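Using my numbering, the first residue of the sequence shown is number 4, and each one after it goes up by one.
For glycine and all other residues, C-beta sits at the position ideal for the given N, C-alpha and C.
Owing to the predicted nature of the structure, the values given are computational and were not obtained by experimental measurement.
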Amino acid sequence: MVEPRLVELLQELVEIESPTYAPGARAVAARLGEELERLGGDVSILDGGHLFASHPGRGPALLVSGHTDTVWPVGTLETMPFALDGDRAAGPGVYDMKACLVLMVDAIRRAGAERRELRVFLTADEEMGSPTGRTPLEAAADGVAAAFVVEPPGASGNLKTSRKGLGRFTLTIRGRPAHAGTHRDEGVSAIEELAHQILALHALHDEERGTSINVGVVSGGTSENVVAAEAQARVDVRVVRTDDVERIEQALARLEPVDPRVTLEWGGGWTRPPLERSDGAATLVARARSYGRELGLELAEESSGGGSDGNLIGAVGVPVLDGLGARGGGAHAPDEHVDLSSLPVRAELLARLLRDPGL
């Protein structure tokens with residue numbers, strides 16, 4: 004059974020609304036900093052609201068990673084308040100990832116004096132791709148033996164050893180405007196060209212290879228009676244392997260206009276590299292599964308199509324085990340909730356890994 008003080012801490016964190024770049028993300032970091040200081044940590048709140056804490060311990064250092072921001076705007080609590088119903092807690096950000104942060108605090112407490120030297124880094128802008136958190140996170144990961152990411156697990160409580168890399172690209176097409184009724188043939192429709200390019204982009208989608216391409220937002224034109232001079236598409240690209248990053252970049256660069264009178268211009272880029280399963284991650288998951296069996300958990304591993312800060316940590320050569328947070332569901336959705344009964348056992352799992360990760 005989860006301790007009442009942890010439920011109280013969870014409610015306190017959920018009721019600090021912390022969308023990315025809002026003051027609440029820094030407030031969440033400050034509140035968690037108080038908890039980490041009580042556990043012997045040396046805590047700093049960095050520019051951007053990111054939290055870094057170092058805890059003394061034995062042996063090579065380990066990193067624990069999470070984030071304080073949520074996708075929910077300030078004011079969401081008015082229609083989606085924190086609520087308890089038995090072992091179910093609901094509210095904005097409760098699952099992604101404030102219950103996971105409470106679990107992290109409890110795990111560090113449980114690990115006690117036998118834990119390894121520990122670094123904790125909580126980004127304040129993970130939901131936006133960690134644009135300001137990436138550099139200090141990479142610095143925090145420098146020289147650690149392994150990293151544990153307390154993002155929510157898979158649907159069955161599974162651990163995550165790989166994640167797709169993520170790119171966000173913008174295609175801008177420029178044509179030539181004209182009156183749609185009297186001079187249609189003098190115009191060059193950017194929207195017509197965009198229709199062709201969307202089909203070409205979606206043809207790059209390759210389920211077998213694990214490459215997903217989605218044109219999610221389109222815009223263009225100024226009026227029904229004007230041939231569109233400009234159109235734009237925003238494209239989500241996800242890849243499994245690092246070598247697919249260059250392959251997709253080259254494929255995008257090779258796209259040619261169907262109408263030679265238009266121009267194509269690409270913007271954006273990769274926000275997260277792929278997190279590929281490493282030998283070190285295999286060792287970590289084997290140790291976690293062994294501890295899990297001792298605790299009555301049957302833990303499998305899985306790959307995720309979504310990114311996390313684990314992608315950034317893995318890219319600097321650190322073995323990463325992700326999905327160590329609390330169980331629940333409804334991330335980024337109105338039914339977001341967490342299973343409170345999962346907190347004690349999964350906190351103990353992480354505590355054992357912090358004492359002996361097998362690396």
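Item                                                                                                            : Value
C-beta atoms of S165 and H70 nearer than 9 Å                                                                    : no
Bridge partners - T173, DSSP secondary structure assignment                                                     : R237, G270
Alpha-carbon to alpha-carbon, G146 and L293                                                                     : Checking the sequence shown, residue 293 turns out to be Ser, not Leu. Looking at the two C-alpha atoms, the distance is approximately 26 Å.
Rounded straight-line distance, which links the Cα of A193 to that of P322                                      : 46 Å
Length at least 4, wholly inside the stretch 68 to 152: the alpha helix (DSSP H) runs in chain order            : 102 to 114, 137 to 144
Identity of the residue in R358, R113, P26, T245 nearest P277 by Cα                                             : T245
Span separating the alpha-carbon of V265 from that of G320                                                      : 43 Å
C-beta atoms of L315 and L197 nearer than 9 Å                                                                   : no
Integer-rounded CB distance, given that V218 should sit under 8 Å from V238                                     : 5 Å
Proximity of V17 and P95 at Cβ, strictly below 9 Å                                                              : yes
Closest residue to V243 among A206, G190, S306 (Cα-Cα distance)                                                 : S306
Unbroken stretches of the alpha helix (DSSP H), 4 residues or longer, contained in the stretch 270 to 325       : 282 to 297, 312 to 317
Where E26 falls, given that 16 or more other Cβ within 10 Å makes a residue buried                              : Checking the displayed sequence, the identity of residue 26 turns out to be Pro instead of Glu. The residue is exposed, with fewer than 16 neighbouring Cβ atoms inside 10 Å.
Coarse secondary structure for P7, derived from DSSP in three states                                            : helix
L13 to L346 span [Cα, whole Å]                                                                                  : 11 Å
Close-in-space but distant-in-sequence residues of the same chain around G43 (CB under 8 Å, 5 per side omitted) : H58, P59
Rounded C-alpha distance that separates N228 from G190                                                          : 11 Å
V220 versus G51 - alpha carbon distance                                                                         : 29 Å
Sequence-distant residues of its chain with Cβ nearer than 8 Å to V10 (five each side left out)                 : L87, A92, L343
Integer-rounded CB distance, given that F151 should sit under 8 Å from F55                                      : With 8 Å as the limit, F55 and F151 do not qualify as a contact, their Cβ atoms being about 16 Å apart.
Local conformation of L204 per DSSP, three classes                                                              : helix
From V46, T73, L162, residue whose alpha carbon lies closest to that of L300                                    : L162
Test item: CB-CB of L65 and E120 under 9 Å                                                                      : yes
Contact set for G157: own chain, Cβ-Cβ below 7 Å, skip 5 residues either direction                              : K163, E305, G326
Cutoff 6 Å; reference R355; Cβ partners in own chain excluding five residues on either side                     : Y294
Beta-ladder partner(s) of A56, from DSSP                                                                        : V46, V123
Paired residues, beta bridge with R166 - DSSP                                                                   : L278, S307
Burial state of A3, where buried means 16 or more other Cβ atoms lie within 10 Å                                : The structure shown does not extend to residue 3, since the chain spans only 4 to 362, so no value can be given for it.
First through last residue of the alpha helix (DSSP H) which encompasses V31                                    : 26 to 41
Alpha-carbon spacing of L174 relative to L362, whole angstroms                                                  : 44 Å
Inter-residue Cα distance where the pair is T286 and A149                                                       : 10 Å
Where H199 falls: helix, strand or coil (DSSP)                                                                  : helix
C-alpha distance - L104 paired with G328, whole-angstrom precision                                              : 8 Å
CB of Q200 within 9 Å of CB of A236, strictly                                                                   : yes
CB contact flag (T135, A143, <9 Å)                                                                              : no
Which listed residue (F172, H182, A303, D359) has its alpha carbon closest to that of R275                      : F172
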